[in-house]
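Chain order of the listed sequences is A and B.
UniProt numbering puts the first residue of the first sequence at 1, with every later residue one more than the last.
UniProt numbering puts the first residue of the second sequence at 1, with every later residue one more than the last.
Below: the structure, in structure tokens.
There are 2 protein chains.
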Amino acid sequence: MQIEPQAFDRVLSSMCTEPHPVAREAAERFLATNPGDPGTYPTVATLEDEAIERLGEIVGLDDPAGYVASGGTEANVQAVRIARERATGPDPNVVVPESGHFSFQKAAELLDVELRIVPTNDHHRASLEAVRAAADDETALIVGVAGSTEYGRVDPIPELGVIAREVDAMLHVDAAWGGFVLPFTDYEWHFGHAPVDTMAIDPHKMGQAAIPSGGLVVRSSELLDELAVDTPYLESTSQATLTGTRSGAGVASAVAAMEELWPAGYRSQYVRSQNNAEWLADALEKRGYEVVEPTLPLVAADVPQSTFEALRAKGWRISRTAAGELRIVCMPHVTRAMLASFVGDLDRLEVRASVPVASDD
Amino acid sequence: MQIEPQAFDRVLSSMCTEPHPVAREAAERFLATNPGDPGTYPTVATLEDEAIERLGEIVGLDDPAGYVASGGTEANVQAVRIARERATGPDPNVVVPESGHFSFQKAAELLDVELRIVPTNDHHRASLEAVRAAADDETALIVGVAGSTEYGRVDPIPELGVIAREVDAMLHVDAAWGGFVLPFTDYEWHFGHAPVDTMAIDPHKMGQAAIPSGGLVVRSSELLDELAVDTPYLESTSQATLTGTRSGAGVASAVAAMEELWPAGYRSQYVRSQNNAEWLADALEKRGYEVVEPTLPLVAADVPQSTFEALRAKGWRISRTAAGELRIVCMPHVTRAMLASFVGDLDRLEVRASVPVASDD
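In structure tokens form, the structure reads like this:
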């Protein structure tokens with residue numbers, strides 16, 4: 001096979017990144033193991049327990065339960081599934097801010113629950129009024145986003161917890177991307193800050209583990225029982241995961257990354273990424289673009305469609321928000337030099353774009 | 001991280017195996033790519049198209065559609081989901097032989113469809129009478145297993161296709177494990193043999209790719225539309241997979257393995273595995289155990305519980321069927337020497353077990 005993966009040196013759109021060297025090494029060592037079959041692969045099953053313990057420490061939970069999932073989508077689907085199983089009424093609904101990831105749409109279609117998508121406020125955070133208005137007796141789950149996909153925003157998780165308790169719903173926090181940077185901010189986002197029941201937090205995003213390494217963390221192991229299916233031919237007796245065979249590489253690399261980087265390594269990465277985001281936001285603002293302030297390391301800016309296309313044609317891997325803004329995620333592989341090169345290309349495009357305008361003067 | 005994955009030299013229970021060296025190399029190269037985001041990672045998206053083309057060749061489908069899934073569970077869940085979406089009545093049901101994998105149970109719970117589990121016959125294959133009796137106007141899907149998890153049996157797929165057409169149901173074939181050995185047998189199991197709509201076939205099982213590399217292959221791309229969810233912030237516009245972020249390692253290693261091994265390498269592996277299974281079956285029969293004839297490279301034998309436990313205590317990774325039989329899967333990493341060593345341990349256990357009996361004489 002002669003084909004090569006493209007380098008990361010122009011990837012500005014991904015929420016994944018190059019795994020940390022220790023994470024890569026662990027992934028390669030455990031490539032041929034399957035935590036979905038713990039009777040056959042006991043070592044990786046032990047590692048998975050360790051992964052959950054370490055995730056618990058990050059998310060403020062003393063006695064965490066959960067598993068290493070394929071990613072945030074699986075964790076979000078499973079959270080909706082747990083809530084559906086616990087719902088008492090016949091038509092459970094899930095209240096999710098419009099900033100919620102599209103995996104909630106996937107979960108709703110899959111699980112046949114009603115999705116009540118409510119607006120965000122001017123700061124791209126869940127509107128508490130809208131959540132309160134949408135929630136009712138049939139609400140099984142309220143979702144808060146801690147680091148949204150499009151703008152990196154954190155919903156008011158404790159306040160969402162209050163509403164959830166009022167209507168006797170569960171509270172899920174989607175920290176798939178944000179979970180490994182939020183510990184170094186002042187946000188209140190985790191199990192220690194609010195009555196959170198379930199959380200998505202992905203080591204393979206800001207946690208610098210190898211794909212596939214997502215995390216579903218739940219307040220108590222009883223919640224996982226809602227997901228359990230009997231496994232007749234395995235030596236383990238039941239399975240709570242959405243998939244069957246799973247990647248031992250993901251599990252091992254999550255443990256290796258957290259062992260290496262929590263907390264100091266993640267803290268310095270957060271500082272570096274956040275500084276990069278602020279530098280880029282500043283550079284874009286100086287050039288007259290409207291920029292959404294990066295409260296986490298993610299920059300959105302109102303760049304014309306033609307400019308966006310021209311940048312993509314130059315090989316930059318960039319993407320857009322639903323509203324059409326350029327969206328750049330300052331992942332660990334994104335360096336200041338990359339961003340400077342990107343802004344340089346933007347400047348050159350603008351010079352060319354401005355030529356006909358100048359000749360009209 | 002000091003912990004090491006155990007070696008494969010005592011693993012007799014897994015349906016996964018050591019990836020082929022070319023598959024491992026490709027997995028390591030593509031470890032940091034995400035086919036779930038084809039706009040950002042176009043190279044691996046191209047590779048995924050190639051994987052599906054190659055799978056199509058193996059399963060007798062000229063213009064295949066599908067994707068590289070996390071494994072057989074996801075492919076089975078998605079097949080049930082497609083059928084549910086296509087069903088016209090309010091209470092769709094799925095007819096599956098009792099030899100079907102537990103992922104159909106998972107799918108039914110997840111998707112809230114009725115599962116009609118029907119008995120197998122004396123040869124551990126789906127009873128056509130039972131399937132016909134269970135199928136009705138509300139049947140959305142009939143499942144046939146091509147290489148069952150417990151006994152390696154192949155259901156009569158063409159005949160199941162006739163029943164499916166009679167009740168206007170779809171036909172899914174679970175060849176997750178069997179798909180890479182069946183091409184070298186006389187079985188009729190694939191799209192070219194019967195009106196199959198969807199199939200699970202996993203490169204990471206007998207295909208010798210790295211985990212996670214499952215396959216969902218469908219007769220036409222319209223079937224995938226039933227699964228599509230909009231993806232607002234990705235440059236691609238929709239996503240048909242169950243998970244979101246996916247493993248580029250799995251995709252690349254599937255292509256590398258199939259490029260290297262199809263068909264000659266897989267053929268010789270099948271011959272080696274089948275010969276091993278027959279050798280083991282023979283050895284167990286000679287020792288007086290009742291053995292289920294291995295029509296594919298999987299041996300089940302009626303070994304006492306205490307013997308089973310003693311063998312596990314010696315480090316053998318073995319598992320049991322639901323009926324309690326010892327179950328050994330002759331995967332590529334399982335050599336004749338391993339099986340001889342296993343039988344040697346069995347003999348030593350029996351000598352010891354027979355001592356007290358002898359002393360009673």
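Quick reminder that beta carbons are idealized off the backbone N, C-alpha and C, glycines included.
Would you list the one or two residues that DSSP bridges to residue i?
| i | result |
| --- | --- |
| Pro81/A | Reading off the sequence shown, one finds Arg at residue 81/A, where the question assumed Pro. Answer is none; Arg81/A lacks a bridge partner. |
| Val229/A | Gln239/A |
| Tyr289/A | According to DSSP, which records beta bridges pairwise, Tyr289/A is partnered with nothing at all. |
| Asn93/B | Glu114/B, Thr139/B |
| Tyr67/A | Leu216/A |
| Ser319/B | Arg327/B |
| Val11/A | Arg317/A |
| Leu346/B | Leu346/B is not bridged to any residue. |
| Val299/B | Ile328/B |
| Ala340/B | DSSP, once it has assigned bridges, lists no residue as partnering Ala340/B. |
| Ala126/A | Thr120/A |
Kindly indicate which three-state DSSP category residue i falls into: helix, strand or coil?
| i | result |
| --- | --- |
| Val357/A | Annotation note: pLDDT 46 at Val357/A (below 50); position unreliable, coordinate value reported separately. In this structure, Val357/A counts as helix in the three-state DSSP scheme. |
| Glu114/B | strand |
| Ile58/A | helix |
| Asp174/B | strand |
| Met206/B | coil |
| Ile52/B | helix |
| Met199/B | strand |
| Ala87/A | coil |
| Thr185/B | coil |
| Thr335/B | coil |
| Thr33/A | coil |
| Leu234/B | coil |
| Ala26/B | helix |
| Ala194/B | coil |
| Ala169/B | coil |
| Leu224/A | helix |
| Thr120/B | strand |
| Glu21/A | The displayed chain sequence assigns Pro, not Glu, to residue 21/A. Helix. |
| Ser103/B | helix |
| Thr40/A | coil |
| Gln305/B | helix |
| Glu98/B | coil |
| Glu4/A | coil |
Measure how close the beta-carbons of residue i and residue j come, nearest whole angstrom, since I'm counting them as under 8 angstroms.
| i | j | result |
| --- | --- | --- |
| Pro92/B | Val113/B | 5 angstroms |
| Leu216/B | Ala200/B | 6 angstroms |
| Ala300/B | Glu150/B | 7 angstroms |
| Ala257/A | Gln208/A | 5 angstroms |
| Ala126/B | Asp155/B | 4 angstroms |
| Val131/B | Asp174/B | Between Asp174/B and Val131/B the Cβ distance is about 14 angstroms, and since that is not below 8 angstroms, they are no contact. |
| Trp279/A | Arg336/A | 7 angstroms |
| Glu159/A | Leu128/A | 5 angstroms |
| Ile52/B | Glu226/B | Their Cβ separation, rounded to whole angstroms, is 17 angstroms, which puts Ile52/B and Glu226/B out of contact at 8 angstroms. |
| Pro5/A | Gly72/B | At roughly 26 angstroms, the Cβ-Cβ gap does not stay under 8 angstroms, so Pro5/A and Gly72/B are not in contact. |
| Gly36/B | Arg246/B | 4 angstroms |
| Leu110/A | Val94/A | In fact, because the Cβ distance is near 12 angstroms, the residues do not count as touching under 8 angstroms. |
| Gly100/B | Val145/B | 6 angstroms |
Which residues in chain E sit within 8 angstroms of residue i, going by Cβ to Cβ distance?
| i | result |
| --- | --- |
| Val167/A | This model lacks chain E altogether, as its protein chains are A and B. |
Task: Secondary structure, beta strand (DSSP E): runs of 3+ residues fully inside the segment 139-164 of chain A - done: List check, beta strand (DSSP E) in window: 139-145.
Open item on the list: Under 8 angstroms, with one C-beta from each stretch per pair, do the segment 136-147 of chain B and the segment 168-176 of chain B reach the 3-pair mark?
Closed with: They touch, by the three-pair rule.
Task: the segment 310-319 of chain B in contact with the segment 30-49 of chain A per 3-pair CB rule at 8 angstroms - done: Flag = yes, the segment 310-319 of chain B and the segment 30-49 of chain A touch.
Open item on the list: Check whether the segment 320-340 of chain A and the segment 289-306 of chain A touch, using three or more Cβ-Cβ pairs below 8 angstroms as the test.
Closed with: Yes: the two stretches touch, three or more of their Cβ pairs being nearer than 8 angstroms.
- [ ] Jot down the residue ranges of each uninterrupted alpha helix (DSSP H) in the segment 241-282 of chain A, minimum 4 residues, whole runs only, in chain order.
- [x] Here the runs fully enclosed are 248-261.
Task: Segment contact, 8 angstroms Cβ cut-off, at least three pairs: the segment 210-225 of chain B with the segment 62-80 of chain B - done: Yes, they touch.
Task: Cβ contact check for the segment 237-256 of chain A and the segment 203-216 of chain A: 3 or more pairs under 8 angstroms - done: As far as the Cβ criterion goes, the segment 237-256 of chain A touches the segment 203-216 of chain A, which means the pair count is three or higher.
Task: the segment 48-62 of chain A / the segment 175-183 of chain A touching (three or more Cβ pairs under 8 angstroms) - done: Counting C-beta pairs closer than 8 angstroms gives three or more between the segment 48-62 of chain A and the segment 175-183 of chain A, which meets the contact rule.
Task: the segment 332-345 of chain A contacting the segment 24-35 of chain A, beta-carbon criterion three pairs below 8 angstroms - done: Cβ pair count under 8 angstroms is below three, so no.
Task: contact_flag[the segment 257-271 of chain A, the segment 183-196 of chain A] where n(CB pairs < 8 angstroms) is 3 or more - done: With the rule of 3 Cβ pairs closer than 8 angstroms, the segment 257-271 of chain A counts as touching the segment 183-196 of chain A.
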